[in-house]
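S.K.:
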Amino acid sequence: MLKFTKITLSALALITASLGAANAAVTVLGWPGGSEETALRAVAEAYNAQSGVADADKVELLFYSRDGFYDKLQADMAAGSSAFDINLLATYSIGRYASYMEPVDLGPDAAKVFGESVLKTMQFDGKQYGVPTDLSLHFMYYRKDLIDALLADPAAKTKYAEISEKYFGKPLEPKAPDSWTWDDWAATALYFAKSVNPESPVRYGTVLQMKNLLFNIMVWQSVARANGGDWMDASGNITIDSPAYRTALELYKKLYDAGASPKDSLSYEYAETNAAFGSGQVATALQWNAAAGELTDPAKSPAVAENVGIVAPPAGSAGRADHIHGLGLGINKNAKNKPGAAKFLQWLATEDAALLYARSGGSPALLPDVAAKIAKERPDLVTLGQYAGAYGYVMTGATSANAFPVYELQAKEFTGYWSGQETLDEALANTKAGMEKLLKP
């Protein structure tokens, strides 16, 4: 039976010996929580159950808190830890960890499963450092029943126009979600907030991920990007204090202050967003694509599953934009069982393993002919590829060695603004100053 543990990284070194001597010869440090953990457990169980996998090559999984994950990982790897053989890596952090990792040969079939462009999300300086397990971007989830009722009700449209005029200085008409601008989405969120519209059939119009956590900034920043925002210009100047960023930051604060999102949203991330939307009391949610499997599953989200609609994030003055990055697994340079680790990763790169990972809730980016084999079960994976190609972006500078500290800085300052602890000018000034130090040539 596969064993897994949730543990702090600082404790890993204390149990390295016992892990090696006890259950598994290949230890895998994975991403904790959400569909990524669920899918990794499933494929690890399947791998261990194969008759051709020797006991010496079976895997054990380790999980710990998301908070400070990558800083803890870097510290452990830099210290030469052998507590795990395989570790998580991401497109935006490969350069940070490459010197602590071993390149891996995934075999000739990997390109037939993922395609060369997806394999490149796990490459650095021309070398393959991991198998791509998940492609991450964002969907706008919405309640089809609520939106359909709004669009069909003249009285509701009148109320919608009144609310939008109050909050945006202009009357807006409700639109189909695939035609939304960010103002349209915000007006819809306000209309479905009972604090704004007591006649709303649900309590909240949206659920915002506002916890001081860098991954929440990745969700939010598409509002800024859609309005032309970026971290840096072509000359390397920090461009964070811009109309695009001000508009995006103010939009979230307007919704939060109006009660369109739960008041404890300042502590929300992925799991809380799923729980709130799945409760049936929220009309929309900008959330990671990985949530699609849970939110559209009647067994997991019975209150909403049959009425969940999915579109790309709304448009801004510069069009639509959707943050994109890849997660994967690679080999620790100080791994105790590098051959066993390589075997597991090579198996993960096969079509059968990739399809099992997808069926278990993961979000691999698959070539069309492979994705077609699971399209009925996971239509979101087809959508994933479409949105990534049409709207995917990476902020300028967001693959640098200090990308994570930049995201952490933004999370701290922007959450401070949303919570009322500092002004918008202060938040942007502090962020700009910090980014100039972190991203200087």
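Numbering (this note's numbering), first residue to last: 64 to 504.
Each residue gets a CB set at the ideal place from its N, CA and C atoms; glycine is no exception.
Treat the numbers as computed from the prediction; the structure is a model and nothing was measured.
According to DSSP, is A323 part of a helix, a strand, or is it coil?
M.R.: The sequence position of residue 323 within the sequence shown is 260, counting from 1. Note: A323 maps to coil in three-state DSSP.
S.K.: Just how far apart, CA to CA, sit V345 and I280?
M.R.: On the sequence shown, position 282 is the one that residue 345 refers to. On the sequence shown, position 217 is the one that residue 280 refers to. Using only the alpha carbons, I get a separation of about 21 Å.
S.K.: Taking the straight line between their C-alpha atoms, what separation do you get for K175 and L411?
M.R.: Position 112 of the sequence shown, counted from the start, is the residue given in the question as residue 175. Position 348 of the sequence shown, counted from the start, is the residue given in the question as residue 411. Cα to Cα, K175 sits roughly 13 Å from L411.
S.K.: Can you check whether the CB of N465 is closer than 8 Å to the CB of L491?
M.R.: Taking the first residue of the sequence shown as position 1, residue 491 is located at position 428. Taking the first residue of the sequence shown as position 1, residue 465 is located at position 402. No. Outside cutoff.
S.K.: Three-state secondary structure (DSSP) at A85?
M.R.: Here residue 85 corresponds to residue number 22 of the sequence shown, with the count starting at 1. Its pLDDT being 43, under 50, A85 is placed unreliably in this model, and the value from its coordinates should be taken loosely. Looking at A85 - three-state DSSP - the assignment turns out to be coil, as it is neither helix nor strand.
S.K.: Could you tell me the alpha carbon to alpha carbon distance between R159 and L390, rounded to whole angstroms?
M.R.: One-based indexing of the sequence shown puts residue 159 at position 96. One-based indexing of the sequence shown puts residue 390 at position 327. Each residue's Cα considered, the two are about 14 Å apart.
S.K.: DSSP state of W351, grouped into three classes?
M.R.: Counting from 1 along the sequence shown, the entry for residue 351 is found at position 288. In the structure shown, W351 sits in a strand (DSSP, three-state: E or B).
S.K.: Please tell me whether R206 and V367 are closer than 8 Å, where the distance is taken between their beta carbons.
M.R.: On the sequence shown, residue 206 is found 143 positions in, with the first residue counted as 1. On the sequence shown, residue 367 is found 304 positions in, with the first residue counted as 1. Closer than 8 Å, so yes.
S.K.: For L92, which three-state DSSP category applies?
M.R.: Here the question's residue 92 lines up with position 29 in the sequence shown. L92 falls in the strand class under three-state DSSP.
S.K.: Would you list the one or two residues that DSSP bridges to L151?
M.R.: To locate residue 151, count along the sequence shown from 1; it is residue 88. In DSSP, L151 forms a bridge with L392.
S.K.: With a cut-off of 8 Å, do at least 3 Cβ pairs link the stretch 262-281 to the stretch 370-383?
M.R.: No, the stretch 262-281 is not in contact with the stretch 370-383.
S.K.: Are there 16 or more other CB atoms within 10 angstroms of the CB of D415, so buried, or fewer, so exposed?
M.R.: As a working mapping, residue 415 is identified with position 352 in the sequence shown. It counts as exposed.
S.K.: Go ahead and pull the three-state DSSP assignment for A505.
M.R.: Because the chain spans 64 through 504 in this model, residue 505 falls outside it and cannot be assessed.
S.K.: Cα-Cα, which of K222, D197, R288, K229 is closest to M458?
M.R.: As a working mapping, residue 458 is identified with position 395 in the sequence shown. Minimum Cα distance to M458 is reached at R288.
S.K.: Compute the distance between the beta-carbons of I387 and S199, then report whether it is under 8 Å.
M.R.: Translated into the one-based positions of the sequence shown, residue 387 becomes position 324. Translated into the one-based positions of the sequence shown, residue 199 becomes position 136. Yes, they are a contact pair.
S.K.: What is the residue span of the alpha helix (DSSP H) that T221 lies within?
M.R.: Sequence index remark: in the sequence shown, residue 221 carries index 158 (1-based). Start and end: 217-231.
S.K.: List the endpoints of the continuous beta strand (DSSP E) containing G204.
M.R.: In the sequence shown, counting from the first residue as 1, residue 204 sits at position 141. It is worth fixing the name first, because residue 204 is Tyr in this sequence and not Gly. First-last of the beta strand (DSSP E) with Y204: 201-206.
S.K.: Who pairs with E165 in a beta bridge, going by DSSP?
M.R.: Here the question's residue 165 lines up with position 102 in the sequence shown. Looking at the DSSP assignment, E165 forms a beta bridge with I394.
S.K.: How about E499: is its C-beta nearer than 8 Å to some C-beta of chain C?
M.R.: Although the question refers to chain C, the structure presented lacks it and comprises just one protein chain.
S.K.: Can you tell me whether DSSP reads V469 as helix, strand or coil?
M.R.: One-based indexing of the sequence shown puts residue 469 at position 406. Looking at V469 - three-state DSSP - the assignment turns out to be helix.
S.K.: How would you call M221, buried or exposed, if buried means at least 16 neighbouring beta carbons within 10 angstroms?
M.R.: Here residue 221 refers to the residue found at position 158 of the sequence shown. Note on identity: in this sequence residue 221 is Thr, with Met being the wrong assignment. Per the 10 Å Cβ criterion, exposed.
S.K.: Return the CA-CA distance between A354 and S114, expressed in angstroms with no decimal places.
M.R.: As a working mapping, residue 354 is identified with position 291 in the sequence shown. As a working mapping, residue 114 is identified with position 51 in the sequence shown. Rounded to the nearest angstrom, the two C-alpha atoms are 33 Å apart.
S.K.: Relative to the C-alpha of S128, which residue among Y333, L209, A173 is closest?
M.R.: Position 65 of the sequence shown, counted from the first residue, corresponds to residue 128. Taking only the C-alpha atoms, the option nearest S128 is Y333.
S.K.: Our contact map puts L213 next to P237 with C-beta atoms below 8 Å; I'd like the distance itself, whole angstroms only.
M.R.: Here residue 213 refers to the residue found at position 150 when the sequence shown is read from its first residue. Here residue 237 refers to the residue found at position 174 when the sequence shown is read from its first residue. About 5 Å separates the two Cβ atoms, so the contact holds.
S.K.: Could you check whether A161 and D120 sit closer than 8 Å to each other, using their CB atoms as the reference points?
M.R.: If you number the sequence shown from 1, residue 120 lands on position 57. If you number the sequence shown from 1, residue 161 lands on position 98. Result no, Cβ atoms of D120 and A161 do not sit closer than 8 Å.
S.K.: Decide if G497 is buried, meaning its Cβ has at least 16 other Cβ atoms within 10 Å, or exposed.
M.R.: Here residue 497 corresponds to residue number 434 of the sequence shown, with the count starting at 1. G497 should be labelled buried.
S.K.: Over what stretch of residues does the beta strand (DSSP E) that includes F177 continue unbroken?
M.R.: In the sequence shown, the residue the question calls residue 177 occupies position 114. Premise fails: F177 lies in the alpha helix (DSSP H), 173-177, not in any beta strand (DSSP E).
S.K.: Out of curiosity, what's the CA-to-CA distance linking A461 and W248?
M.R.: Taking the sequence shown and counting its residues from 1, one reaches residue 461 at position 398. Taking the sequence shown and counting its residues from 1, one reaches residue 248 at position 185. Whole-angstrom Cα-Cα distance: 27 Å.
S.K.: Decide yes or no for the touch test of the stretch 395-410 against the stretch 139-157: beta carbon pairs closer than 8 Å, at least 3 of them.
M.R.: Segments in contact, yes.
S.K.: Going by DSSP, what residues sit across from P195 in a beta bridge?
M.R.: For the purposes of this step, residue 195 is taken as the residue at position 132 of the sequence shown. According to DSSP, which records beta bridges pairwise, P195 is partnered with G391.
S.K.: Look at S364 and S98 and say whether their C-beta atoms are less than 8 Å apart.
M.R.: As a first step, residue 364 is located in the sequence shown; it is residue number 301 there, counting from the start. As a first step, residue 98 is located in the sequence shown; it is residue number 35 there, counting from the start. No, they are not a contact pair.
S.K.: Is R422 helix, strand or coil by DSSP?
M.R.: Within the sequence shown, numbered from 1, the residue matching residue 422 stands at position 359. Looking at R422 - three-state DSSP - the assignment turns out to be helix.
S.K.: Under a Cβ-count criterion, where at least 16 other Cβ atoms within 10 Å of its own Cβ denotes burial, should A107 be classed as buried or exposed?
M.R.: In the sequence shown, residue 107 corresponds to position 44, counting from 1. With 16 or more Cβ atoms within 10 Å of its Cβ, A107 is classed as buried.
S.K.: Below 6 Å CB to CB, which residues in the same chain sit around G311 once its five sequence neighbours on both sides are set aside?
M.R.: Residue 311 sits at position 248 when you count from the first residue of the sequence shown. A small fix is needed here, since residue 311 is Ala in this sequence, not Gly. So the qualifying residues of the chain are V286, A287.
S.K.: Given this structure, state the Cα-to-Cα distance separating Y230 from W243, to the nearest angstrom.
M.R.: Working through the sequence shown from its first residue, we reach residue 230 at position 167. Working through the sequence shown from its first residue, we reach residue 243 at position 180. Near 17 Å, if we compare the C-alpha coordinates of W243 and Y230.
S.K.: Apart from the five residues on each side of it in sequence, which residues of its chain come closer than 8 Å, Cβ to Cβ, to A84?
M.R.: Stepping through the sequence shown from its first residue, residue 84 is reached at position 21. At A84, the pLDDT of 34 sits below 50, so the modelled position is not reliable; the number obtained from the coordinates is stated separately. Cβ within range, chain order: n/a, list empty.
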